[in-house]
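In this note's numbering, the protein residues as written are -4 to 204.
Taking it in order: structure first as structure tokens, then the write-up.
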DNA sequence: GAGGAGATCGTCT
DNA sequence: GACGATCTCCTCT
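Pasting the structure below:
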């Protein structure tokens, strides 16, 4: 972690808030995966908030099931699910025990261990490669960080022993844009997607300001 | 560059 | 048995 300089690790209280506030606050923070051979780090540039049982688009809308139980658990835990038969998506639980809520990590800007993340994505690093393909989009980002449900679901983001944590290195987000969420049908009009304005690693269609 | 469709499987009804 | 918080490839312009 020496290469990252001095950072503050996020604590459980950070996540014990409304998912909308957590989603905004997470922008600009560093998502860090510690592996035996390298430290993978990415700056969070895009998030989506999923509210509790009042949000039709959230998995928690149908109530607690084995799949979504983490959303109802304590804050600061990883909720990982498998989607479309191909991809994993990484979320962090918000609010306290018994209250559902989560924030989906949609994209990060690679800042450390880039070669390892590219390798995990099957991308050859050279002058022509598009770095956005490493971690721009929930499925891509999860693959770059080696996130799977078996390995990471229910894992704590706030335990000092965890290999999946979030840090604040003092980066100041210039401006935040709020848009509707991507890929959902129900409650699609709710503006619960947050992105760092102008950041090229944000996924989805280009945003006009 | 934009748009459409297929891939593929866990989860819930 | 249907559907999904996605990605990639292919076609068309």
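Each residue gets a CB set at the ideal place from its N, CA and C atoms; glycine is no exception.
Buried or exposed (CB count within 10 angstroms, at least 16 for buried), residue 193: exposed
Below 8 Å, how does it come out for the region 116 to 126 and the region 66 to 78: are there three or more Cβ pairs, yes or no? no
Taking only three categories from DSSP, how would you classify residue -3? Because the pLDDT of residue -3 is 49, which lies under 50, any placement of that residue in the model is unreliable, and the question is left without a value.
Which runs of the beta strand (DSSP E) at least 3 residues long sit entirely within the region 134 to 182? Give them in chain order. 159 to 163, 171 to 174
Of the residues 190, 180, 163, 162, which one's Cα is nearest the Cα of residue 170? 190
Is the Cβ-Cβ distance between residue 12 and residue 44 less than 8 Å? no
Reduced DSSP secondary structure (H/G/I, E/B, other) of residue 8: helix
Under 8 Å, with one C-beta from each stretch per pair, do the region 28 to 42 and the region 96 to 113 reach the 3-pair mark? yes
Determine the DSSP secondary structure at residue 77, reduced to helix, strand or coil. strand
So, is residue 204 buried or exposed, given that buried needs 16 or more other C-beta atoms within 10 angstroms? With a pLDDT of only 48 at residue 204, under 50, the local geometry of the prediction cannot be trusted, and no value is derived from it.
Quick check: the Cα distance between residue 82 and residue 27, rounded to an integer number of angstroms? 20 Å
For residue 60, does the count of other Cβ atoms within 10 angstroms reach 16, so buried, or fall short, so exposed? exposed
Hey, quick one: how far does the beta strand (DSSP E) through residue 100 stretch, first residue to last? 97 to 107
Buried or exposed for residue 58, going by 16 or more other Cβ atoms inside 10 Å? exposed
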